[in-house]
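The next block holds one structure in the form of structure tokens; read it before the comments.
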Amino acid sequence: MPDLTNNLHDVQVAIARVAGMAPITLLAVSKRHPASAIRELFAAGQHDFGENYVQEALEKQAQLADLEIVWHFIGPIQSNKTRDIANAFAWVHSVDRSKVAERLSSQRDPQLPALNVCVQVNLSAEETKSGVALQEVEALCQAINTLPNLSLRGLMAIPAALETYEQQRACFAPLQREFERLKALFPSLDTLSIGMSADFEAAIAEGSTLVRIGTALFGARQ
Ligand SMILES: *Cc1c(COP(=O)(O)O)cnc(C)c1O
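Heads up, the sequence shown is in this note's numbering, so the first residue is 401 and it goes up one at a time.
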């Protein structure tokens, strides 16, 4: 059994070492880890959790309904799952087309606070990866900004795995520039969701405000 409380402490220290005083949100990515592991990290003070698969997330949410967890959806979005995603999460990081944004907005219970959304950007231009090209981000932000039950909060990316710190920073840099440019157009933008276990130091150096960490917290997935 990994000591999750120790792992959390180590990750927090590693983030603070790079970020200094800049506030960084740590999102614990709990996909394919049991509800018991989430419960343990919650008890250690971690409140934001990210899930990739709707059905798996709903099952864990039912088991953890007694905890005030902030749930983030970070996986690919199928159109037929938008109703569950719209209502079972506080954040969605993986919006990559206006059709999905429209469905999330129309299906979100209007009694709930607006759903916080990030636009997923494809930095590696790989056809298999989801996300819009950098040149299309502004148009999608514009579309989301008009929808009543969504709050446009940020940009998110999952770049291809790169070997060195310098390569990782070079990959994130254009996204940070676009984020800074768009913040002037969309004042609600405050979240740059980049950085995973293998590249969070480079992501923070390139302006990340939220890192999504799985392996370094929970250990390897099955
Ligand atoms: C799985 C996943 C993560 C976490 O990855 P680790 O390398 O385990 O830290 C972060 N973001 C997304 C979108 C993921 O699917």
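Even glycine gets a Cβ: it sits at the ideal position worked out from N, Cα and C.
Cβ shell of residue i (< 8 Å), same chain only, five flanking positions each side left out
i, result
"L575", "V521, L523, L534, L555, A557, L592, I594, E606"
"C541", "V519, L552, L582, L585, F586, L589"
"A525", "A533"
"S479", "K499, V500, R503"
"V470", "H447, D448, F449, A490, W491"
"Y453", "K431, G475"
Same chain, Cβ closer than 7 Å to residue i, neighbours up to 5 away in sequence not counted
i, result
"R483", "Q507"
"S419", "It is Ala, not Ser, that sits at residue 419 in the sequence shown. Closer than 7 Å at Cβ, skipping near neighbours: I604."
"P510", "N549"
"L408", "L441, A444, Q446, L617"
"A561", "A598"
"A543", "S498, A501"
"C571", "L523, P559, L562"
"Q461", "W471, A488"
Pick from the options that is closest to residue i, judged by C-alpha positions
i, options, result
"T564", "A598, R553, A539", "A598"
"Q446", "N452, I438, Y453", "I438"
"G619", "V413, I415, R417, A428", "A428"
"K499", "D509, Q412, L512, K481", "K481"
"G378", "Q568, L512, P434", "One cannot answer for residue 378 here, as it falls past the ends of the chain, which runs 401 to 622."
Backbone CA spacing between residue i and residue j [nearest angstrom]
i, j, result
"L547", "I474", "20 Å"
"E578", "F586", "12 Å"
"A422", "Q463", "34 Å"
"T609", "E456", "27 Å"
"S436", "W491", "22 Å"
"M596", "N545", "27 Å"
"P513", "H472", "14 Å"
"E451", "E538", "26 Å"
"E566", "A416", "20 Å"
"A602", "A573", "10 Å"
"Q568", "I424", "18 Å"
"E580", "V517", "17 Å"
Contact belief for residue i with residue j at Cβ below 8 Å, rounded distance in angstroms
i, j, result
"S494", "I477", "6 Å"
"F442", "L467", "5 Å"
"L458", "A486", "Contact doesn't hold; Cβ gap of about 13 Å is too wide."
"L426", "V411", "7 Å"
Bounding residues of the beta strand (DSSP E) (the contiguous stretch that carries residue i)
i, result
"D448", "448 to 451"
"T591", "591 to 593"
"A514", "Looking at the DSSP string, A514 is not in any beta strand (DSSP E), and its letter there is neither H nor E."
"T425", "425 to 429"
Residue range of the unbroken alpha helix (DSSP H) whose run includes residue i
i, result
"F600", "600 to 605"
"A620", "Careful: A620 lies outside any alpha helix (DSSP H) and carries neither H nor E."
"T482", "482 to 488"
"L547", "No alpha helix (DSSP H) holds L547; DSSP gives it neither H nor E."
"I415", "404 to 419"
"I558", "From DSSP, I558 is part of no alpha helix (DSSP H); its letter is neither H nor E."
"L534", "Looking at the DSSP string, L534 is not in any alpha helix (DSSP H), and its letter there is neither H nor E."
Neighbourhood of residue i by C-beta, 6 Å cutoff - its chain only, sequence neighbours within 5 removed
i, result
"G531", "D496, Q520, V521, N522"
"R432", "R621, Q622"
"T405", "A444"
"F600", "V611"
Distance cut-off 7 Å: residue i Cβ against heavy atoms of ligand 3
i, result
"R612", "Looking for ligand 3 in the displayed structure turns up nothing; the ligands present are ligand 1."
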